[in-house]
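Visitor: I am attaching a structure below and will ask some questions about it afterwards.
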Amino acid sequence: MSGDAERGLVVEDVHTAYDKADVLEAVSLRAERGKITCLLGSNGSGKTTLIRSILGLTPPNRGRIVFDGTDLTDLPTHKVIAAGIACIPEGRQVFPKLTVEENLRLGGYQETSPKVLARRLDRVYETFPLLRERRQQISGTMSGGEQAMVSIGRGLMSAPKLLLLDEPSLGLSPILVKENFNIIRRINEEGITVFLVEQNVRQTLAIADFGYVLSKGRVVAAGTAEDLSKTTEVHRAYFG
Amino acid sequence: MDVGLFSQYVMNGLMLGMMYALVAVGFTLFFGVMDIINFSHGDVLTVGAFAGLATYLGLVEIGVSWPPAQVAIVLAVAIVCTAGLGAIVAKYLVLPLKDAPALNTLLLTLMLGTVLHEAIRLFYPLGANPQRFPSLLPTDAYTFGNFTLRIDNMMLLLAGTAVIVGIHLLINKTKLGLAIRAVAQDSETAKTMGINFTLIVLITFAIGSGLAAFAGILHGLYYSEINFAMGLLLGVIGFSSAIVGGLGNIYGAIIGGFLFAALQTIGVLAMPFASAYKDVFAFGVIILIMAWRPTGLIREKISERV
Ligand SMILES: Nc1ncnc2c1ncn2[C@@H]1O[C@H](COP(=O)(O)OP(=O)(O)OP(=O)(O)O)[C@@H](O)[C@H]1O
Ligand SMILES: [Mg+2]
Chain E
1 MSGDAERGLV
11 VEDVHTAYDK
21 ADVLEAVSLR
31 AERGKITCLL
41 GSNGSGKTTL
51 IRSILGLTPP
61 NRGRIVFDGT
71 DLTDLPTHKV
81 IAAGIACIPE
91 GRQVFPKLTV
101 EENLRLGGYQ
111 ETSPKVLARR
121 LDRVYETFPL
131 LRERRQQISG
141 TMSGGEQAMV
151 SIGRGLMSAP
161 KLLLLDEPSL
171 GLSPILVKEN
181 FNIIRRINEE
191 GITVFLVEQN
201 VRQTLAIADF
211 GYVLSKGRVV
221 AAGTAEDLSK
231 TTEVHRAYFG
Chain U
1001 MDVGLFSQYV
1011 MNGLMLGMMY
1021 ALVAVGFTLF
1031 FGVMDIINFS
1041 HGDVLTVGAF
1051 AGLATYLGLV
1061 EIGVSWPPAQ
1071 VAIVLAVAIV
1081 CTAGLGAIVA
1091 KYLVLPLKDA
1101 PALNTLLLTL
1111 MLGTVLHEAI
1121 RLFYPLGANP
1131 QRFPSLLPTD
1141 AYTFGNFTLR
1151 IDNMMLLLAG
1161 TAVIVGIHLL
1171 INKTKLGLAI
1181 RAVAQDSETA
1191 KTMGINFTLI
1201 VLITFAIGSG
1211 LAAFAGILHG
1221 LYYSEINFAM
1231 GLLLGVIGFS
1241 SAIVGGLGNI
1251 YGAIIGGFLF
1261 AALQTIGVLA
1271 MPFASAYKDV
1281 FAFGVIILIM
1291 AWRPTGLIRE
1301 KISERV
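Shown next as structure tokens:
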């Protein structure tokens, strides 16, 4: 059932709506295993909605979502996560009243071995030494940039095969944005497939392998990052 | 006032506070994970007390007469019954209505509560009458002046304290507790952590309802009597305690429970000629506190919720 074609994430003809408002229309795309695939699009084009559909938070009412041969379309969210997917959500969404370490532990919620968890925690603290110092701090009292670290660290705690990132650089200073893209590249180099939603066109295409452009709920352009950067003029319209 | 008599009042107040706190923690847990008020909670307590009494009668019937075994089995059966009932309420009443206005859930649970205590009145043998609850604990007593220290009351207080400490540890030190807190803060993000949301809600309702059964048995053992309507006032008091402490906050609920009992006790002490007015006094002060601090004594939770 799972040929090479079904490795990685496959989104096929997905239609998603909130109540009566149709948002996604016939979206098809794939995030190949081991690669960085990005999804660009202006505000309100439906990027977050697609992530929510993949995660089962707003299930599509038509179409199919398959990951490494597993059909995710009708699975509850915790089973989507169990398939090896993690998400760094829009706006970071750290649990504000939990400590940094509690947030991180929640990222590894489905891992039952304390040893494995301790090792992953150590890895995250190596990547973000500041988090080790602050591990007992209540997350809601941290700065935006610090919360971004918590959110990324938390996303890595499940040792996912596929990481979904929804505008991770939003609200960060230029220096932190750059740092953020470096981290994403490093995550990918460790073998994690990355699906990156961004509005930061140039820096995103610089690290991505493939890209899609979403407009009003439809995919309007697709190609290698290189191809897409050459046609930047074409969809500059979408980004203002 | 005489020290002995005063101590007696304090002892009684602590016992009441324990029961209220246990009920209030349930309200606050349900609100935490589902943002709803479960008004059947008081009547679930009544179901627990009657399940315990029926279990006792059954044990006597089959010849189990060793009190420690009786207490243990009565408590276990009562808690399992209400935990199951709580999970059923969550699964078939609360979760299906999660996208409906909170008022609908409130109304439905209110009606369920009525069904529960009316069912006890109609179907429990002589259910309309108060039922004698057996004393299953040693009744030795030590008298100091006007103060009588009963061993069974001490045991009830210790057991209640142990349960409250246990809940604290469960919520703050275990993985399950971490999941409950995560769901309470942000259920959607909690799901994306891989938490089985539905399961956590069911478990939380089971825990809260199990606590109600414990409070119901405590009530029965302390007053040696239960009746089909006992959950009504206990429910309202537990709810008020949870609100006054700051709904959604476990410590607030515990403080609220003891505060309410303290107010009742003060009411009795201050107006010994009119002790029937103790509830009027206590609710009156609660109203004043709510006017002063509309979101409860421990407020951060609600303001952050918005
Ligand atoms: N919960 C919701 N209920 C109803 N409509 C929604 C909901 N969430 C999003 N929408 C609508 O769906 C459309 C797509 O929203 P979405 O959040 O997916 O956009 P986006 O591409 O992520 O935008 P941004 O870049 O601003 O994050 C918007 O028109 C939005 O108003
Ligand atoms: Mg978005």
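Sequence lines, in order, name chains E and U.
Residue 210 in our numbering sits at position 210 of the first sequence, with consecutive numbering throughout.
With positions in the second sequence counted from 1, the corresponding number in our numbering is that position plus 1000.
Glycine is no exception: its CB is placed at the ideal position from the N, C-alpha and C atoms.
How would you write the range of the alpha helix (DSSP H) that valine 1071 of chain U sits in, first residue to last?
Guide: 1067 to 1089
Visitor: Mind pulling the chain U residues with CB within less than 7 Å of leucine 55 of chain E?
Guide: Thr1192
Visitor: Between the Cα of arginine 30 of chain E and the Cα atoms of E:Leu156, E:Arg154, E:Leu228 and E:Ala222, which residue gives the shortest distance?
Guide: Nearest option by C-alpha distance: E:Ala222.
Visitor: Mind listing, in chain order, the continuous alpha helix (DSSP H) runs of no fewer than 4 residues lying wholly within the region 75 to 154 of chain E?
Guide: 77 to 82, 100 to 107, 114 to 127 and 129 to 133
Visitor: Give me the Cα-Cα distance between glycine 108 of chain E and isoleucine 1226 of chain U, rounded to the nearest whole angstrom.
Guide: 47 Å
Visitor: Per DSSP, what kind of secondary structure is tyrosine 949 of chain U in: helix, strand or coil?
Guide: As shown, chain U starts at 1001 and ends at 1306. That puts residue 949 of chain U outside it, with no answer to give.
Visitor: Closest to threonine 1139 of chain U by CA distance: which of U:Asn1104, U:Thr1114 and U:Met1154 is it?
Guide: Minimum Cα-Cα distance from threonine 1139 of chain U among the listed residues U:Asn1104, U:Thr1114 and U:Met1154 corresponds to U:Met1154.
Visitor: In chain U, which residues lie with their C-beta within 9 Å of the C-beta of isoleucine 81 of chain E?
Guide: Lys1191, Thr1192, Met1193, Gly1194 and Ile1195
Visitor: In whole angstroms, what is the alpha-carbon distance linking valine 234 of chain E and serine 215 of chain E?
Guide: Confidence at valine 234 of chain E is low in this model, with a pLDDT of 48, below 50, so its placement is unreliable and the value that follows should be read with caution. Approximately 13 Å between the Cα atoms of the pair.
Visitor: Using a Cβ-Cβ cut-off of 6 Å (strictly less than) and excluding sequence neighbours within five positions of alanine 1024 of chain U, which residues of its own chain qualify?
Guide: Gly1238, Ser1241, Ala1242, Ala1253, Gly1256 and Gly1257
Visitor: To which residues does DSSP link serine 215 of chain E through a beta bridge?
Guide: E:Arg218
Visitor: Step through the CB atoms of chain U and report whether any lies within less than 8 Å of the CB of arginine 123 of chain E.
Guide: no
Visitor: Tell me whether the beta-carbon of valine 1080 of chain U lies closer than 8 Å to the beta-carbon of threonine 1055 of chain U.
Guide: no
Visitor: Could you check where the alpha helix (DSSP H) with threonine 1295 of chain U kicks off and where it finishes?
Guide: Where threonine 1295 of chain U is concerned, there is no enclosing alpha helix (DSSP H), given that its DSSP letter is neither H nor E.
Visitor: Give a yes or no on whether 8 Å exceeds the smallest Cβ distance from aspartate 1035 of chain U to chain E.
Guide: Interface residue (Cβ-Cβ distance to chain E less than 8 Å): aspartate 1035 of chain U is not classified as such.
Visitor: Ignore the nearest five residues each way along the sequence and tell me which others in leucine 1016 of chain U's own chain have a CB closer than 6 Å to its CB.
Guide: Ala1261
Visitor: Buried or exposed: where does phenylalanine 1144 of chain U fall if 16 or more other Cβ atoms within 10 Å of its Cβ makes it buried?
Guide: With fewer than 16 other CB atoms across the displayed protein chains lying within 10 angstroms of its CB, phenylalanine 1144 of chain U is exposed.
Visitor: Using a Cβ-Cβ cut-off of 8 Å (strictly less than) and excluding sequence neighbours within five positions of isoleucine 1164 of chain U, which residues of its own chain qualify?
Guide: Met1018, Ala1021, Leu1022, Val1025 and Ile1254
Visitor: Would the beta-carbon of leucine 57 of chain E fall within 8 Å of that of lysine 1191 of chain U?
Guide: yes
Visitor: Does the beta carbon of threonine 77 of chain E sit closer than 8 Å to a beta carbon anywhere in chain U?
Guide: Chain U has a Cβ within less than 8 Å of the Cβ of threonine 77 of chain E.
Visitor: Taking the beta carbon of isoleucine 175 of chain E as the centre, do at least 16 other beta carbons fall within 10 Å, making it buried, or is it exposed?
Guide: The residue in question, isoleucine 175 of chain E, is exposed, as its Cβ has fewer than 16 Cβ neighbours within 10 Å.
Visitor: So does lysine 1173 of chain U have its beta carbon nearer than 7 Å to some heavy atom of ligand 2?
Guide: no
Visitor: What residues of chain U sit near leucine 106 of chain E, judged by a beta carbon separation below 7 Å?
Guide: Leu1178, Ala1182 and Met1193
Visitor: Give me the Cα-Cα distance between glutamine 271 of chain E and methionine 142 of chain E, rounded to the nearest whole angstrom.
Guide: With chain E represented from 1 up to 240, any question about residue 271 of chain E goes unanswered, as that position is not in the structure.
Visitor: Are the C-beta of serine 42 of chain E and some C-beta of chain U separated by less than 8 Å?
Guide: no
Visitor: Can you find the residues in the same chain that come closer than 8 Å, C-beta to C-beta, to arginine 1132 of chain U, ignoring five residues on each side of it along the sequence?
Guide: Ser1224 and Glu1225
Visitor: Is aspartate 1186 of chain U close to chain E, meaning its C-beta is less than 8 Å from at least one C-beta of that chain?
Guide: At least one beta carbon of chain E lies nearer than 8 Å to the beta carbon of aspartate 1186 of chain U.
Visitor: If valine 1244 of chain U and isoleucine 1286 of chain U are in contact, beta carbons under 8 Å, what's the gap, nearest whole angstrom?
Guide: Cβ-Cβ separation between valine 1244 of chain U and isoleucine 1286 of chain U: approximately 6 Å, consistent with a contact (criterion under 8 Å).
Visitor: Taking 6 Å as the limit between beta carbons, can you name the residues of its chain near asparagine 1038 of chain U, skipping five residues before and five after?
Guide: Phe1030 and Thr1109
Visitor: When you compare each of E:Gly217, E:Arg218, E:Gly171 and E:Val213 to alanine 225 of chain E by their alpha carbons, which one comes out closest?
Guide: E:Val213
Visitor: Quick check on this structure: which residue in E:Asn188, E:Gln147 and E:Arg62 has the alpha carbon closest to the alpha carbon of aspartate 74 of chain E?
Guide: E:Arg62
Visitor: The beta strand (DSSP E) spanning leucine 1014 of chain U covers which residue range?
Guide: It is not in any beta strand (DSSP E) - leucine 1014 of chain U instead sits in the alpha helix (DSSP H) that spans 1003 to 1034.
Visitor: Sort E:Glu12, E:Val124, E:Lys161 and E:Ser173 by Cα distance to asparagine 188 of chain E and report the nearest one.
Guide: E:Lys161
Visitor: To the nearest whole angstrom, what separates the beta carbons of phenylalanine 1205 of chain U and valine 1089 of chain U, a pair I think is in contact under 8 Å?
Guide: Contact holds; Cβ gap of about 6 Å.
Visitor: Heavy atom of ligand 1 less than 7 Å from the Cβ of glutamine 199 of chain E, yes or no?
Guide: yes
Visitor: Verify the contact flag: alanine 21 of chain E, CB atom, against every heavy atom of ligand 1, threshold strictly below 7 Å.
Guide: Checking every heavy atom of ligand 1 against the Cβ of alanine 21 of chain E, one is found closer than 7 Å.
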